[in-house]
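**Student:** Quick one: this structure, given as structure tokens, is what I'll be asking you about.
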Amino acid sequence: MTPDSTAELDALAAAIAALPAHPELGSQVGRVQAAVAVPLHHGGRGWETWAIKRTDGMRHHPREIAFPGGQRDEGDADLLDTALRELEEELGIGRDQVRALCGMRPVPTATSRFTLNPYLVLVAAGAVARPHAGEVAALIRMPLADFFAGRVPYRAVEFSPGRLSPIFDFEVGSMYGASAHVLEELLRAYADVSGVAYPKPELTDRIPWL
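Read in order, the letters of the sequence shown correspond to residues 20 to 229 in this note's numbering.
This is the structure:
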């Protein structure tokens with residue numbers, strides 16, 4: 020990374036870490052805590068984040084586009100440990116190839132009892148993702164610049180005035196729900212620290228999770 024990209028990364032992590040809790044988080048009684056890694060990688064296309072399309076055979080949320088992650092195991096030291104373990108299991112990115120940057124705001128899922136606890140992690144420049152065939156149907160590598168250039172379709176469902184649920188469309192499907200809220204948080208923070216305008220989503224009444 021260049022000195023400029025390192026400074027940008029530090030500013031991004033600081034901006035995300037300073038965000039207040041989601042007002043809709045609510046009580047966590049009875050909810051299952053899961054963790055996801057939000058991989059951030061810097062390469063020839065600038066900053067990019069990685070997501071996955073889950074396979075048909077997954078027990079929870081099959082075929083959905085999400086970040087690598089899952090439910091906390093008894094052997095995990097904490098939820099960050101869960102996120103790093105899942106990143107290694109699903110994409111083959113070992114702990115020696117990543118650096119945890121900051122925790123992101125927990126997001127409850129609307130269609131299950133899970134709460135996602137995301138962690139932004141920096142993936143080393145030379146790291147190569149090796150998706151697990153049993154868990155990952157496709158790997159999505161999205162340069163952040165593509166979103167701001169309008170190359171990633173961005174829609175939203177409006178549940179009430181000012182309350183939007185984002186949807187991001189990729190060639191292999193759409194990211195929606197809690198995962199889309201996580202991606203939106205990353206993109207909004209990136210816009211703030213980079214001084215670029217954040218686009219407005221196209222409002223839609225087509226709800227992909229129904």
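Even for Gly, the Cβ is constructed at its ideal location relative to N, Cα and C.
(1) Just to confirm, is the Cβ distance from Pro150 to Leu98 under 7 Å?
(2) Let's test the definition: count the other Cβ atoms within 10 Å of the Cβ of Met161 and tell me whether it reaches 16, buried, or not, exposed.
(3) Just the Cα atoms here: how many angstroms apart are Gln116 and Val140?
(4) Look up Phe86 in the DSSP assignment and give the residues it is bridged to.
(5) Mapping the DSSP letters down to three states, classify Glu67 as helix, strand or coil.
(6) Can you round the beta-carbon distance between Ala175 and Pro185 to whole angstroms, since I take them to be within the 8 Å contact cut?
(7) Check for me: the beta strand (DSSP E) holding Arg207 runs from which residue to which?
(8) Do Leu103 and Pro87 have their C-beta atoms closer together than 7 Å?
(9) By DSSP's criteria, Ala245 is part of a beta bridge. Which residues make up the other side?
(10) Measuring alpha carbon to alpha carbon, tell me which of Pro172, Val55 and Arg182 ends up nearest Glu190.
(11) With a cut-off of 8 Å on the beta carbons, I'd call Tyr217 and Arg207 a contact; round off their distance for me.
(12) Looking only at its chain, what residues have a beta carbon closer than 7 Å to the beta carbon of Ala15, apart from the 5 residues adjacent to it on each side?
(13) So is Val48 buried or exposed if we call it buried at 16+ other beta carbons inside 10 Å?
(14) How would you write the range of the alpha helix (DSSP H) that Arg104 sits in, first residue to last?
(15) For my contact list, Glu244 and Ser213 are in at a C-beta cut-off of 8 Å; report their separation, rounded to the angstrom.
(16) Alpha carbon to alpha carbon, how far is Gly63 from Ile84? Give it in angstroms, no decimals.
(17) What does the alpha-carbon distance come out to for the pair Pro137 and Ser24?
(18) In the DSSP assignment, what residue or residues form a beta bridge with Arg124?
(19) Nearest CA to the CA of Asp157: which residue from Pro39, Leu38, Leu163 and Lys72?
**Tutor:** This is what the structure gives:
(1) Walking along the sequence shown from the start, residue 150 turns up at place 131. Walking along the sequence shown from the start, residue 98 turns up at place 79. No, the Cβ-Cβ distance between Pro150 and Leu98 is not below 7 Å.
(2) As a position in the sequence shown, residue 161 is number 142, starting the count at 1. Looking at its Cβ environment, which holds 16 or more other Cβ atoms inside 10 Å, Met161 is buried.
(3) Taking the first residue of the sequence shown as position 1, residue 116 is located at position 97. Taking the first residue of the sequence shown as position 1, residue 140 is located at position 121. Rounded to whole angstroms, Gln116 to Val140 spans 10 Å at the Cα level.
(4) For this step, residue 86 is matched to residue 67 along the sequence shown. In DSSP, Phe86 forms no bridge with anything.
(5) As a position in the sequence shown, residue 67 is number 48, starting the count at 1. It is a strand residue.
(6) Residue 175 sits at position 156 when you count from the first residue of the sequence shown. Residue 185 sits at position 166 when you count from the first residue of the sequence shown. Ala175 to Pro185, Cβ: 5 Å. Contact.
(7) Counting from one through the sequence shown, the residue named residue 207 turns up at place 188. Where Arg207 is concerned, there is no enclosing beta strand (DSSP E), although the alpha helix (DSSP H) it sits in stretches over Gly196 to Ser213.
(8) Within the sequence shown, residue 103 is the residue found at index 84, counting from 1. Within the sequence shown, residue 87 is the residue found at index 68, counting from 1. Their beta carbons are not under 7 Å apart, which means Leu103 does not touch Pro87 by this criterion.
(9) Here the chain covers residues 20 to 229 and nothing more, so residue 245 does not appear.
(10) Translated into positions along the sequence shown, residue 190 becomes position 171. Of the listed residues, the one whose Cα sits closest to Glu190 is Pro172.
(11) The sequence position of residue 217 within the sequence shown is 198, counting from 1. The sequence position of residue 207 within the sequence shown is 188, counting from 1. Between Arg207 and Tyr217 the Cβ distance is about 6 Å, and since that is below 8 Å, they are a contact.
(12) The chain is shown from 20 up to 229; residue 15 falls before or after that span and cannot be answered.
(13) In the sequence shown, residue 48 corresponds to position 29, counting from 1. Per the 10 Å Cβ criterion, exposed.
(14) Reading the sequence shown from its first residue, position 85 is the one you call residue 104. First-last of the alpha helix (DSSP H) with Arg104: Leu98 to Leu110.
(15) Nothing about residue 244 can be read from this structure; the chain reaches only from 20 to 229.
(16) As a first step, residue 84 must be located in the sequence shown, where it is residue number 65. As a first step, residue 63 must be located in the sequence shown, where it is residue number 44. Spanning the two alpha carbons is a distance of roughly 24 Å.
(17) The residue labelled residue 137 in the question sits at position 118 within the sequence shown. The residue labelled residue 24 in the question sits at position 5 within the sequence shown. Their backbone Cα atoms lie some 22 Å apart in a straight line.
(18) Here the question's residue 124 lines up with position 105 in the sequence shown. In the DSSP output, where bridge partners are listed per residue, Arg124 has none listed.
(19) As a position in the sequence shown, residue 157 is number 138, starting the count at 1. Here residue 157 turns out to be Ala, not Asp, going by the sequence shown. Measuring from the Cα of Ala157, the nearest candidate turns out to be Lys72.
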